[in-house]
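Asker: Take a look at this one; I'll ask things after.
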Amino acid sequence: MNRQTYSTRAGGGGRSYSAASAIVPSGGRAGFSSMSVARSGGGGGGTGGLGLGGGQGGGGGFGFGGVGGMGGFGGGLGGGRNPAGFSGGPHGVGTIQEVTVNQSLLAPLNLEIDPDIHQVRKDEKEQIKTLNNKFASFIDKVRFLEQQNKVLETKWTLLQDQGQKTNSGKNNLDPLFEAYINNLKRQLANLLNERGRMDGELKNMQDLVEDFKNKYEEEINRRTAAENEFVVLKKDVDAAYMSKVELEAKVDALTDELSFLRALYDAELAQLSAQVSDTAVILSMDNNRDLDLSSIIAEVKAQYEDIANRSRAEAEAWYQTKFEELQATAGKHGDDLRNTKGEIAELNRLIQRIRSEIENTRNQCATLQTAIGDSEERGELALKDARAKMIDLEDALQKAKADMARQLREYQELMNVKLALDIEIATYRKLLEGEESRWGQNPCCRFAPTSSWSPCPSPSFCSNIPFICPPPQAERRGTQPHQLL
């Protein structure tokens, strides 16, 4: 048996080769195994093995680890089987935390209320105010024009009176006044038309406001009716529940009473049966035929009356005890009923509080919508950032794959060198086997598969080969074999 070790170290990495060969008797089986440590640059290392055998195939494997992550590469070479595999681990780059967005903020609250109803009502009120102001200004304008018309009519009357006095002046002023009057009439007609149109619009708006007011009142009435119906149904449910509890209590009481009576009657029957079975019948023959049947019947009757009285007393005592227990149970149920009423009152207060919270929630609707918009913007920014990080990770993954392929090629080159060395070692082993077969049946420094020690027949022979034999004292003591150099 021999073992050899070869080691070199340079720069930041290192290479190591090891080999061991076993020499067995000429029975026909030999094995060889080797282990090597791949170059380690600071990230990871690997182990490998190659097996060759004559009669039985060896097994081997080698491992590889990259700098940027963890990986494994395994393979085997042998006569019997040849497994091989490759596995890779997660990359060493720091993981990016997943960008998450709370989707519940993106969904509007379902409050079953039109969010624009307040704005619509406000717009309606503003329109009504505007129309009222226009109508008031229109009425003022009409009154002003009527006053001007009266003034003009007065002037016209005065001018006519003056025209009657001066016929020459009349012929000159009539066309002017007629033109002025026609202009005023046209303005009055336009104002009357505008007044009619504004009256129609005002009527339409009043009808629309009245319609909305009727709808609002109708909805309020529906809500009130629904609340009243809910209260009535709640009362009916409470009454039904109380009646159910009372009926269940009555059923339990009747069931207990029935069980008690049944147990009582069963006990009486059992007692009577026991007495009848325990009664011994003694027959005596009296030739005088003098039997006192009346006394016997009286005695039996007295016994049965005694038994009946005892049973009645026991039944009354048990019934009294059961009645007291039922009274205690009824008191407890009364306490439960009062507690239930208190809980109902507490629930009503809770309902009022929840309604106030609902109103507060409605007031927060606008704030939530603003928050939803902000959340959408932040979500888009987070998505863009996540995509950029994903691109960076893909680039890092490609670089790691390229580095891994390069290191794999270097590892294959090292394995080729190792294979050549293993072949050379196998050649030396065969030469040594030939020398051992030539020197005899007990070779020097043999390693059995169980690491047993073979004595050296000739220390002078061991000095000519690259092995170390133990001293004679170690051979006599049966010490373990030496370690490889």
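For the sequence shown, the numbering used here begins at 93 and goes up steadily by one. From the three backbone atoms N, C-alpha and C, an ideal C-beta is built for every residue, glycine too.
Classify residue 209 as buried or exposed, calling it buried when 16 or more other Cβ atoms lie within 10 Å of its own Cβ.
Answerer: Residue mapping note: residue 209 aligns to position 117 of the sequence shown, counting from 1. With fewer than 16 other Cβ atoms within 10 Å, it is exposed.
Asker: Short of 8 Å in beta carbon distance, which residues of its chain neighbour residue 334, apart from the five on each side in sequence? Order them along the chain.
Answerer: In the sequence shown, counting from the first residue as 1, residue 334 sits at position 242. Hits under 8 Å: 429.
Asker: In chain order, which continuous runs of the alpha helix (DSSP H) of length 4 or greater are located wholly inside the segment 407-449?
Answerer: none
Asker: Taking one C-beta from the segment 311-318 and one from the segment 268-275 each time, how about it: are there three or more such pairs within less than 8 Å?
Answerer: no
Asker: If you draw a straight line from the alpha carbon of residue 365 to that of residue 359, how long is it in whole angstroms?
Answerer: Numbered from 1 along the sequence shown, position 273 holds the residue referred to as residue 365. Numbered from 1 along the sequence shown, position 267 holds the residue referred to as residue 359. Taking the straight line from one Cα to the other gives about 10 Å.
Asker: Please classify residue 235: is it buried, with 16 or more other beta-carbons within 10 angstroms of its beta-carbon, or exposed?
Answerer: Sequence index remark: in the sequence shown, residue 235 carries index 143 (1-based). By the 10 Å Cβ count, residue 235 comes out exposed.
Asker: Below 8 Å on the Cβ atoms is my contact criterion, and I expect residue 348 with residue 414 to pass it. Report the Cβ-Cβ distance as a whole number of Å.
Answerer: Within the sequence shown, residue 348 is the residue found at index 256, counting from 1. Within the sequence shown, residue 414 is the residue found at index 322, counting from 1. Yes, residue 348 and residue 414 are in contact; Cβ-Cβ is about 7 Å, under 8 Å.
Asker: How would you write the range of the alpha helix (DSSP H) that residue 484 sits in, first residue to last?
Answerer: In the sequence shown, the residue the question calls residue 484 occupies position 392. From DSSP, the alpha helix (DSSP H) with residue 484 extends over 457-531.
Asker: Nearest by alpha-carbon distance to residue 406: which of 424, 444, 389, 356 is it?
Answerer: In the sequence shown, counting from the first residue as 1, residue 406 sits at position 314. Measuring from the Cα of residue 406, the nearest candidate turns out to be 356.
Asker: Classify residue 469: buried if its beta carbon has 16 or more other beta carbons within 10 angstroms, exposed otherwise.
Answerer: Taking the sequence shown and counting its residues from 1, the one referred to as residue 469 is at position 377. Under this definition residue 469 is an exposed residue.
Asker: Which of helix, strand or coil does DSSP assign to residue 170?
Answerer: Counting from one through the sequence shown, the residue named residue 170 turns up at place 78. A caution first: residue 170 carries a pLDDT of 38, below 50, which makes its placement in the model unreliable, though a value can still be read off. Reduced to three states, the DSSP call for residue 170 is coil.
Asker: Based on Cα-Cα distance, which residue from 457, 421, 442 lies nearest to residue 344?
Answerer: For the purposes of this step, residue 344 is identified with residue 252 of the sequence shown, where counting begins at 1. Of 457, 421, 442, the residue nearest in Cα terms is 421.
Asker: Of the choices 393, 223, 362, whose alpha-carbon is the least far from that of residue 295?
Answerer: The sequence position of residue 295 within the sequence shown is 203, counting from 1. Closest option to residue 295, Cα to Cα, is 223.
Asker: To which residues of the same chain is residue 491 closer than 7 Å at the C-beta, ignoring the five residues directly before and after it?
Answerer: The residue labelled residue 491 in the question sits at position 399 within the sequence shown. For residue 491, where only same-chain residues beyond five positions count, there are no Cβ hits under 7 Å.
Asker: Would you kindly check if the distance between the Cβ of residue 230 and the Cβ of residue 287 is under 7 Å?
Answerer: Residue mapping note: residue 287 aligns to position 195 of the sequence shown, counting from 1. Residue mapping note: residue 230 aligns to position 138 of the sequence shown, counting from 1. Their beta carbons are under 7 Å apart, which means residue 287 touches residue 230 by this criterion.
Asker: Under a three-way DSSP split, which group does residue 208 fall into?
Answerer: Within the sequence shown, the letter at position 116 stands for residue 208. Looking at residue 208 - three-state DSSP - the assignment turns out to be coil, as it is neither helix nor strand.
Asker: For the pair the segment 388-401 and the segment 427-447, tell me if three or more CB-CB distances fall below 8 Å.
Answerer: no
Asker: Report the option in 256, 285, 251, 292 whose CA atom is closest to the CA atom of residue 270.
Answerer: Position 178 of the sequence shown holds residue 270. Selected option, being the one with the closest Cα: 251.
Asker: Judging by CA-CA distance, which residue of 521, 412, 225, 530 is the nearest neighbour of residue 352?
Answerer: Here residue 352 refers to the residue found at position 260 when the sequence shown is read from its first residue. The residue with the shortest Cα to Cα distance from residue 352 is 412.
Asker: Which residue's Cα is closest to the Cα of residue 284: 332, 458, 227?
Answerer: Within the sequence shown, the letter at position 192 stands for residue 284. Nearest C-alpha to residue 284: 227.
Asker: For residue 117, which residues of its own chain have a beta-carbon under 6 Å away from its beta-carbon, when the five flanking residues on both sides are left out?
Answerer: Against the sequence shown, residue 117 aligns to sequence position 25. Because the pLDDT at residue 117 is just 40, under 50, the model does not fix this residue reliably, and the value given afterwards should be weighed accordingly. The beta carbon of residue 117 lies closer than 6 Å to none in the same chain, with the five residues before and after it left out.
Asker: Applying the criterion that 16 or more other CB atoms from any shown protein chain within 10 Å of the CB defines a buried residue, is residue 521 buried or exposed?
Answerer: As a first step, residue 521 must be located in the sequence shown, where it is residue number 429. By the 10 Å Cβ count, residue 521 comes out buried.
Asker: Cutting at 8 Å between CB atoms, please list the residues of its own chain near residue 361, excluding the five before and the five after it.
Answerer: As a first step, residue 361 must be located in the sequence shown, where it is residue number 269. Leaving aside the five residues that flank residue 361 on each side, none in its chain has a CB nearer than 8 Å to its CB.
Asker: Is it buried or exposed, residue 511, if we count other Cβ atoms within 10 angstroms and call 16 or more buried?
Answerer: Counting from 1 along the sequence shown, the entry for residue 511 is found at position 419. Around the beta carbon of residue 511, fewer than 16 other beta carbons lie within 10 angstroms, which makes this residue exposed.
Asker: Alpha carbon to alpha carbon, how far is residue 508 from residue 476?
Answerer: Residue numbering aside, residue 508 sits at position 416 when the sequence shown is read from its first letter. Residue numbering aside, residue 476 sits at position 384 when the sequence shown is read from its first letter. Straight-line Cα distance between these residues: approximately 48 Å.
Asker: On the criterion of 16 or more Cβ atoms from any shown chain inside 10 Å, does residue 514 qualify as buried, or is it exposed?
Answerer: Numbered from its first residue, the sequence shown carries residue 514 at position 422. Counting Cβ neighbours within 10 Å, residue 514 comes out buried, since at least 16 surround it.
Asker: Under the rule that 16 or more other beta-carbon atoms within 10 Å means buried, what is residue 499, buried or exposed?
Answerer: Taking the first residue of the sequence shown as 1, we reach residue 499 at position 407. Answer is buried; the Cβ neighbour count reaches 16.
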